[in-house]
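Asker:
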Amino acid sequence: MKPKSPEQAAWDAECKRLLKKITRTSCDEKAKQLQAQYRLHVGLRPKPFLPGLREFGDTTTAAFLEGLASSGGTAIVIADEGGTVTGGQTLAHLAWWNKAWDGTTLNHDRLSSGSIVVENPRVVVFLAIQPEPFRRFFEKNHYMARESGFSCRGLWAYVESTQGYRGVGGHSANRPYSAIKQFQRLRHEGETRSNEILRDPDATRQLLRLTAGATRLRQQFATEMELSLRPDGAYADVRDQASKAAEIATRMAGVMHCFFQLDGDIDESTMRDAISLMRWHLEEYRRLFGEPNQYSHAFEDAMKLQDFLVKEINAHGWFGVSSFQRSRLRTFGPNQSRDPKRFDAAVDYLVKQGAMDEVCVKGGARINLVREYFAPLVNEFSMAQHKPQISSLSSGLGFQQPGQLGQRIGYWPSI
3 MKPKSPEQAA WDAECKRLLK KITRTSCDEK AKQLQAQYRL HVGLRPKPFL PGLREFGDTT
63 TAAFLEGLAS SGGTAIVIAD EGGTVTGGQT LAHLAWWNKA WDGTTLNHDR LSSGSIVVEN
123 PRVVVFLAIQ PEPFRRFFEK NHYMARESGF SCRGLWAYVE STQGYRGVGG HSANRPYSAI
183 KQFQRLRHEG ETRSNEILRD PDATRQLLRL TAGATRLRQQ FATEMELSLR PDGAYADVRD
243 QASKAAEIAT RMAGVMHCFF QLDGDIDEST MRDAISLMRW HLEEYRRLFG EPNQYSHAFE
303 DAMKLQDFLV KEINAHGWFG VSSFQRSRLR TFGPNQSRDP KRFDAAVDYL VKQGAMDEVC
363 VKGGARINLV REYFAPLVNE FSMAQHKPQI SSLSSGLGFQ QPGQLGQRIG YWPSI
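Add 2 to the 1-based position in the sequence shown for my numbering, that's all there is to it.
1) Hey, glycine 256 and leucine 210 are a contact pair by Cβ (cut 8 Å); roughly how many whole angstroms apart?
2) Would you kindly check if the distance between the Cβ of alanine 247 and the Cβ of methionine 273 is under 9 Å?
3) Considering only C-alpha positions, which residue in the set Ser150, Gly69, Glu57 is nearest to asparagine 100?
4) Measure the alpha-carbon distance for leucine 70 versus leucine 93 and round it to whole angstroms.
5) What did DSSP end up calling aspartate 341 once you bin it into helix, strand or coil?
6) In terms of alpha-carbon separation, which member of Ile78, Ala367, Pro233 lies closest to valine 125?
7) Bridge partners of glutamate 286, per DSSP?
8) Using a Cβ-Cβ cutoff of less than 6 Å, which residues in the same chain neighbour leucine 157 once the five nearest sequence positions on both sides are dropped?
9) For asparagine 337, which option in Arg328, Asp303, Pro233, Val120 has the closest C-alpha, if you only look at C-alpha atoms?
10) Just to confirm, is the Cβ distance from glycine 45 to asparagine 122 under 9 Å?
11) Considering only the alpha carbon of each residue, which of Ala238, Arg368, Ile131, Phe261 lies closest to serine 163?
12) Just to confirm, is the Cβ distance from alanine 317 to arginine 344 under 9 Å?
13) Would you please state the rounded distance, in angstroms, between the beta carbons of threonine 88 and phenylalanine 139? I believe it to be under 8 Å.
14) With a cut-off of 8 Å on the beta carbons, I'd call alanine 276 and methionine 258 a contact; round off their distance for me.
15) Under 8 Å, with one C-beta from each stretch per pair, do the stretch 24-38 and the stretch 54-68 reach the 3-pair mark?
16) Kindly list the residues whose CB is nearer than 7 Å to the CB of glycine 105, restricted to its own chain and excluding five residues on each side of it in sequence; keep chain order.
17) If we ignore side chains and look at the alpha-carbon of each, how far apart do glutamate 226 and glutamine 184 end up?
18) In three-state DSSP terms, what is histidine 190?
19) Buried or exposed: isoleucine 182, going by 16 or more other Cβ atoms within 10 Å of its Cβ?
20) What residue does the alpha helix (DSSP H) around glutamate 228 start on, and which one ends it?
21) What distance in whole Å lies between the Cβ atoms of alanine 147 and leucine 96, which are believed to be in contact at a cut-off of 8 Å?
22) Let me confirm a value: glutamate 314 is counted as buried when at least 16 other C-beta atoms fall within 10 Å, else exposed. Which label applies?
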């Protein structure tokens, strides 16, 4: 429900009371008096109540948009246990967050609840989340989060744990407490100013502009980022965020300008600090989502491909699976690997890890597995030193398990 002030609640109650009297009266003269009284009351409608900055945790799309509309288009989703948000309904429809980031009008039309329209939204999502819930979220929404552009619109950081370096029974020498206190003071002052503005229906927004020096820095950074998007560029593997780095840095410069209560236009020093911060976050993004890493397509597909090969070796023996046509692996491998681009990326990753080699031969490329890489991953009996003396039968990649063949021909694998 939309929050109401006491004046708004009293005005609504009086409206309902007059309408109820009008519908129940049978006297035309009295009905006219009530109608005139109702029209007069409608003209006394109080100013809309603006609750200020709205904070949400796990919420549905409709509830969030309704709250966003009632607060003047400004809201924040914040949670120190981010798993409750990533595992709930808040991020179930990522397209909404992309539109909110772009600042376009948000429309939510439902027959039962009517229409909700939010113009020029300003939304912040701040989550502190443990690695495992974060991993589960991206395992479930990996492709939607990356391909839709949701992940590249955010600033990510995988901070190292401070365990083992924290002060016990007092302040830690490694923590700048004066800077933390200053940050908390500025944050509180900024939140107070923000609420004052949001609760004032007559408040006007101030347009922030860049100085000439800040504009020059931004253009240089944008040019650098554009060159880094090339196939051999520095950020070719995370071009989704690198392509938005200049815009995100400009937004951060605006936030820093307001946070530190600076006057005038955004100056060169603030823009330089924002660009430096953006470079750090871009490296963190590459550490999380670049190639190779634990949240990329290549890593995920390569691990599934590796698990598939381990199962094949355990089932059919090393000599039956150690060398095969590349096309066969794509045909009989995991479903995700059948897409050409994803298959190539997964194979390239395993080649770089030393798990296999690719050789070009007549009739197509062949893949040779590296024995030293797979030996610790498979059962001992699968790594037989001698090839069984029997023709193999095709089955998937393919071959009879040596231990099973030994029961027929007297062969048992030796380690």
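Backbone N, C-alpha and C define an ideal beta-carbon position, used for all residues, glycine too.
What you are looking at is a predicted structure, and each value in this text was computed from that prediction instead of being measured.
Answerer: According to the data block:
1) 5 Å between Cβ atoms; contact.
2) Using a Cβ distance threshold of 9 Å, methionine 273 and alanine 247 do not count as a contacting pair.
3) Cα-wise, what sits closest to asparagine 100 is Ser150.
4) C-alpha separation (whole angstroms): 16 Å.
5) Assigned with DSSP and collapsed to three states, aspartate 341 falls in coil, not helix or strand.
6) The shortest C-alpha separation from valine 125 is found at Ile78.
7) Answer is none; glutamate 286 lacks a bridge partner.
8) Excluding residues within five positions, the ones whose Cβ falls inside 6 Å are His283.
9) It is Asp303.
10) Cβ distance not < 9 Å, so glycine 45 and asparagine 122 don't count as in contact.
11) Cα-wise, what sits closest to serine 163 is Ile131.
12) At a Cβ-Cβ threshold of 9 Å, alanine 317 and arginine 344 do not count as neighbours.
13) Contact flag correct, Cβ pair sits at about 4 Å.
14) Indeed they touch by this definition, with Cβ atoms about 6 Å apart.
15) In short, these stretches do not touch, since the Cβ pair count stays below three.
16) Closer than 7 Å at the Cβ level, and outside the excluded window around glycine 105, lie Asn122, Pro123.
17) Approximately 34 Å, taken between the alpha carbons.
18) Helix.
19) Burial call: exposed.
20) Segment 214-229, the alpha helix (DSSP H) holding glutamate 228.
21) Contact holds; Cβ gap of about 6 Å.
22) It counts as buried.
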